[in-house]
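Offset between the sequence shown (1-based) and this note's numbering: plus 19. Heads up, the beta-carbon is just placed ideally off N, CA and C, and yes, glycines get one too. Everything numeric in this text was worked out from a predicted model, so none of it was measured.
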Amino acid sequence: MTARPGRDGHTDWCGRDHRCGLGEHRSEEIVIDLPGRARAVLVRVRTATGREHAEVRVRVALASREVAARRQLVGLLGDLRHTVTRAAIAARPRPGR
Ligand SMILES: [Zn+2]
């Protein structure tokens, strides 16, 4: 799969129609769903400058007790921090390239 624009100007993964516009190409949503518990939606985005991004939205069911819910939130933020840091390291320019 190539990320270069096709003959019609879209990338080959672009969802076209209403998803694509305002200088951005956007893929269809890729959904991970654990019914009643958690859901993650990922969209691949290419901006007008040519930079590509993964846009992720996460929804997680929280415990009914406040203390447990807060503990979950702390854990979730730690996991997201780890994920974002790892992705940022992988995306950084390498010397000599
Ligand atoms: Zn497009």
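Is it right to say residue i is buried, meaning 16 or more other beta carbons lie within 10 angstroms of its own, or is it exposed?
i       : result
Thr-21  : For Thr-21, the predicted structure reports a pLDDT of 46, less than 50, and the residue's modelled location is therefore unreliable. A value from the coordinates is still provided. Per the 10 Å Cβ criterion, exposed.
Arg-45  : buried
Thr-104 : exposed
Thr-125 : The structure shown does not extend to residue 125, since the chain is modelled only from 20 to 116, so the question has no answer here.
Can you name, in chain order, every residue of its own chain whose Cβ lies under 8 Å from the Cβ of residue i, other than the five neighbours on each side?
i      : result
Glu-71 : Ala-22, Arg-63, Val-64, Arg-65
Please return the same chain residues whose Cβ sits closer than 6 Å to the Cβ of residue i, not counting the five positions on each side in sequence.
i      : result
Leu-99 : none
Cys-33 : Cys-39, His-44
Look up residue i in the DSSP assignment and say whether it is helix, strand or coil.
i      : result
Ala-67 : coil
Arg-58 : strand
| Can you pull every residue whose C-beta falls closer than 5 Å to some heavy atom of ligand 1, listed in chain order? | Having a Cβ closer than 5 Å to some heavy atom of ligand 1 are His-29, Cys-33, Cys-39, His-44.
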